[in-house]
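Residues 1 to 486, numbered by full-length UniProt numbering, are exactly what the sequence shown covers, in order. Following: one structure in structure tokens, then a few remarks.
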Amino acid sequence: MSTDRSDELAEWYAEEDPDRGVEVLDAVETFLARFVAYPSAHALVAHVLWIVHCWFMDAWESTPRIAFLSPEPGSGKSRALEVTEPLVPRPVHAVNTTPAYLFRKVSDEAGRPTILYDEIDTVFGPRAKDNEDIRGMLNAGHRKGATAGRCVMRGKVVETEELPAYCAVALAGLDDLPDTIMTRSVIVRMRRRSPDEHIEPWRLRVNGGEAEKLRNWLAGWAAAATERLTGDFWPDMPTEVADRDADVWEALLAVANLAGGDWPQRARVAAVALVAASRQRTPSLGLLLLRDIRTAFTAAGQEGLTTEQLLSDLNRMDESPWSTIRRGESLDSRGLSQRLNKYGIGSKQHVGERGVRGYTQAQFEDAWKRYLPSPMGPDISATSATPTTDSATGADVADASGDTRELNYVGDNLDNRVNQPHRVERDTLPLLDVPKSHGVTAVTDSKGPPVECSSCGREIPDHMHAARERRVCGRCIAVATAKAQI
Numbered sequence: 001m002s003t004d005r006s007d008e009l010a011e012w013y014a015e016e017d018p019d020r021g022v023e024v025l026d027a028v029e030t031f032l033a034r035f036v037a038y039p040s041a042h043a044l045v046a047h048v049l050w051i052v053h054c055w056f057m058d059a060w061e062s063t064p065r066i067a068f069l070s071p072e073p074g075s076g077k078s079r080a081l082e083v084t085e086p087l088v089p090r091p092v093h094a095v096n097t098t099p100a101y102l103f104r105k106v107s108d109e110a111g112r113p114t115i116l117y118d119e120i121d122t123v124f125g126p127r128a129k130d131n132e133d134i135r136g137m138l139n140a141g142h143r144k145g146a147t148a149g150r151c152v153m154r155g156k157v158v159e160t161e162e163l164p165a166y167c168a169v170a171l172a173g174l175d176d177l178p179d180t181i182m183t184r185s186v187i188v189r190m191r192r193r194s195p196d197e198h199i200e201p202w203r204l205r206v207n208g209g210e211a212e213k214l215r216n217w218l219a220g221w222a223a224a225a226t227e228r229l230t231g232d233f234w235p236d237m238p239t240e241v242a243d244r245d246a247d248v249w250e251a252l253l254a255v256a257n258l259a260g261g262d263w264p265q266r267a268r269v270a271a272v273a274l275v276a277a278s279r280q281r282t283p284s285l286g287l288l289l290l291r292d293i294r295t296a297f298t299a300a301g302q303e304g305l306t307t308e309q310l311l312s313d314l315n316r317m318d319e320s321p322w323s324t325i326r327r328g329e330s331l332d333s334r335g336l337s338q339r340l341n342k343y344g345i346g347s348k349q350h351v352g353e354r355g356v357r358g359y360t361q362a363q364f365e366d367a368w369k370r371y372l373p374s375p376m377g378p379d380i381s382a383t384s385a386t387p388t389t390d391s392a393t394g395a396d397v398a399d400a401s402g403d404t405r406e407l408n409y410v411g412d413n414l415d416n417r418v419n420q421p422h423r424v425e426r427d428t429l430p431l432l433d434v435p436k437s438h439g440v441t442a443v444t445d446s447k448g449p450p451v452e453c454s455s456c457g458r459e460i461p462d463h464m465h466a467a468r469e470r471r472v473c474g475r476c477i478a479v480a481t482a483k484a485q486i
């Protein structure tokens with residue numbers, strides 16, 4: 001679209017009706033929903049807001065990436081980029097490109113592009129070291145003013161130059177991306193359409209004209225509304241969206257505020273829901289180790305465990321990788337020490353046993369507090385009840401007094417997660433909160449020291465006093481915990 005045409009549209013909208021943001025965003029939403037099978041309504045809202053935010057790039061301090069990811073091909077990731085392309089300014093569809101190409105495109109004097117990078121998983125595969133420049137651009141380029149320094153030869157003279165890296169980027173690929181990119185992105189987990197999900201086929205020759213009209217409308221409204229993007233429209237972030245998540249969502253919520261109508265509320269709900277969903281990724285090995293150690297201490301009911309005891313408990317957790325972590329061999333004391341040193345935790349002389357080293361709960365408290373959610377959500381006591389809804393999956397749990405309650409594990413319906421004031425956070429469950437549906441019976445009679453687990457029949461080690469009293473071994477607790485997590 002020419003500059004004259006853009007100015008003409010801007011003047012027309014400014015004179016006729018500068019407050020048509022709701023209509024514009026509604027039209028974009030309707031258009032996208034025709035061609036893409038989104039995993040949730042929140043994902044569609046996020047996609048709309050991301051497209052619109054591309055027209056206000058000079059207003060943001062940071063721009064979020066939007067990443068369409070799936071475990072299998074044929075899930076609509078590329079289609080999401082295809083329908084994005086005609087709606088954003090200066091789109092550059094990239095696949096298997098070079099860092100130099102991207103940097104030159106971003107620094108093009110003709111204008112800042114919108115990068116649409118398909119098959120991004122190939123960049124971070126076996127040849128990831130060859131693509132560190134692309135990764136660096138994606139990481140740094142979300143901040144306004146970010147540049148990439150380069151040395152260039154001009155004749156026989158070596159000179160330095162700085163290339164701009166700030167631009168909007170949409171990504172599509174298989175599986176997860178590096179954490180440095182994931183934490184800067186709105187994550188949309190795409191999936192294959194079910195037989196009862198129907199969308200229209202996308203053909204540029206057929207739908208291109210309609211897309212161009214919508215783009216012109218969007219560009220005109222954005223040009224007219226830019227000067228209104230002042231402090232009044234900057235959002236107060238939801239409490240659940242903080243730190244880097246707030247950086248990701250601030251621009252999108254500002255766009256929603258600028259549009260008005262029900263978009264501000266829908267945007268906030270989508271932000272909370274998608275941020276919560278993004279935290280349900282498979283944890284790193286370090287976080288998994290901290291989590292399983294907390295499970296081991298809880299099951300043992302002791303302040304301290306020897307290294308031998310702790311390793312035995314970890315290697316007995318069938319749902320965790322510790323029994324085969326070393327090329328098929330179990331985790332040993334050296335490996336445990338090396339992994340825990342990253343968190344400032346080291347073994348020490350075990351109290352009462354000369355020459356025996358081990359760990360205490362106190363050594364882990366700070367790391368657990370910083371890196372793991374609390375075992376239970378706020379304000380949930382041992383006898384409280386968390387409401388469940390029809391769309392959530394309930395798991396019956398018995399507490400120590402024999403009372404039965406339901407804990408809500410929210411799945412696909414993310415609206416429920418947003419609206420629930422109390423919920424179980426992702427991580428280990430309390431020792432007694434073991435779902436019956438996973439085959440573990442919570443025993444309320446603690447008279448006498450049972451030896452065998454009431455679920456699997458295995459002998460419970462002598463040092464696991466609390467587990468012996470409850471007749472639920474650490475392995476079964478770990479299995480139930482892993483299955484019960486969202």
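Every residue, glycine too, gets a C-beta built ideally from N, C-alpha and C. As the structure is a prediction and not an experimental result, all values here were calculated from the model.
Count the other CB atoms, across all protein chains shown, that sit within 10 Å of the CB of residue i; report buried if there are 16 or more and exposed otherwise.
i: Arg-215; result: buried
i: Cys-151; result: exposed
i: Thr-298; result: buried
i: Thr-63; result: buried
i: Gly-145; result: exposed
i: Glu-250; result: buried
i: Val-169; result: buried
i: Leu-285; result: exposed
i: Glu-210; result: exposed
i: residue 563; result: The chain is shown only over 1 to 486; residue 563 falls outside these bounds and no answer can be derived.
i: His-198; result: exposed
i: Lys-213; result: exposed
i: Ile-114; result: Correcting the residue type first, residue 114 is Thr in the shown sequence and not Ile. Per the 10 Å Cβ criterion, buried.
i: Asp-313; result: buried
i: Ala-67; result: buried
If you follow the alpha helix (DSSP H) that residue i is part of, which residue opens it and which one closes it?
i: His-142; result: Careful: His-142 lies outside any alpha helix (DSSP H) and carries neither H nor E.
i: Tyr-371; result: 361–371
i: Ala-37; result: Taken as a continuous stretch (DSSP letters only), Ala-37 belongs to no alpha helix (DSSP H), as it is neither H nor E.
i: Tyr-101; result: 99–106
i: Ser-337; result: 333–341
i: Leu-310; result: 307–315
i: Pro-264; result: 263–278
So residue i and residue j are supposed to be a Cβ contact under 8 Å. How far apart are they, rounded?
i: Asn-315; j: Leu-289; result: So it is not a contact: roughly 12 Å between Cβ atoms.
i: Gln-361; j: Glu-303; result: 6 Å
i: Pro-39; j: Arg-189; result: 6 Å
i: residue 524; j: Leu-372; result: In this structure the chain extends from 1 to 486, so residue 524 is not present and cannot be described.
i: Trp-234; j: Leu-25; result: With 8 Å as the limit, Trp-234 and Leu-25 do not qualify as a contact, their Cβ atoms being about 18 Å apart.
i: Val-88; j: Cys-54; result: 5 Å
What are the boundary residues of the beta strand (DSSP E) that includes residue i?
i: Met-153; result: 147–154
i: Val-158; result: 157–164
i: Phe-68; result: 65–70
i: Ala-170; result: 168–174
i: Ile-187; result: 185–189
i: Thr-114; result: 114–117
i: Ala-242; result: No beta strand (DSSP E) contains Ala-242, which DSSP labels as neither H nor E.
Flag this pair as yes or no: are the beta carbons of residue i and residue j separated by less than 8 Å?
i: Val-186; j: Leu-274; result: yes
i: Leu-49; j: Ala-267; result: yes
i: His-142; j: Arg-203; result: no
i: Phe-35; j: Arg-79; result: yes
i: Asp-176; j: Met-182; result: yes
i: Phe-56; j: Thr-226; result: yes
i: Met-237; j: Ala-224; result: no
i: Leu-81; j: Ala-172; result: yes
i: Trp-368; j: Arg-279; result: no
i: Arg-112; j: Arg-90; result: yes
i: Gln-349; j: Arg-339; result: no
i: Asp-108; j: Gly-260; result: no
Rounded to whole angstroms, what is the Cα-Cα separation between residue i and residue j?
i: Arg-334; j: His-93; result: 48 Å
i: Trp-217; j: Gly-328; result: 60 Å
i: Thr-180; j: Asp-133; result: 14 Å
i: residue 487; j: Val-45; result: Residue 487 is absent from the model: the chain starts at 1 and stops at 486.
i: Glu-240; j: Gly-457; result: 42 Å
i: Val-95; j: Thr-306; result: 52 Å
i: Gln-363; j: Val-269; result: 38 Å
i: Glu-162; j: Gly-155; result: 19 Å
i: Thr-122; j: Leu-69; result: 13 Å
i: Asp-58; j: Ala-222; result: 12 Å
i: Gly-21; j: Glu-200; result: 26 Å
i: Arg-192; j: Pro-73; result: 8 Å
i: Ile-460; j: Arg-471; result: 8 Å
i: Val-206; j: Ala-110; result: 29 Å
i: Thr-324; j: Asp-292; result: 15 Å
i: Pro-99; j: Met-317; result: 44 Å
i: Gln-265; j: Ala-41; result: 13 Å
Below 7 Å, is the gap between the Cβ of residue i and the nearest heavy atom of the ligand NAD?
i: Val-152; result: Annotation note on the ligand NAD: not contained in the displayed structure, which lists no ligands.
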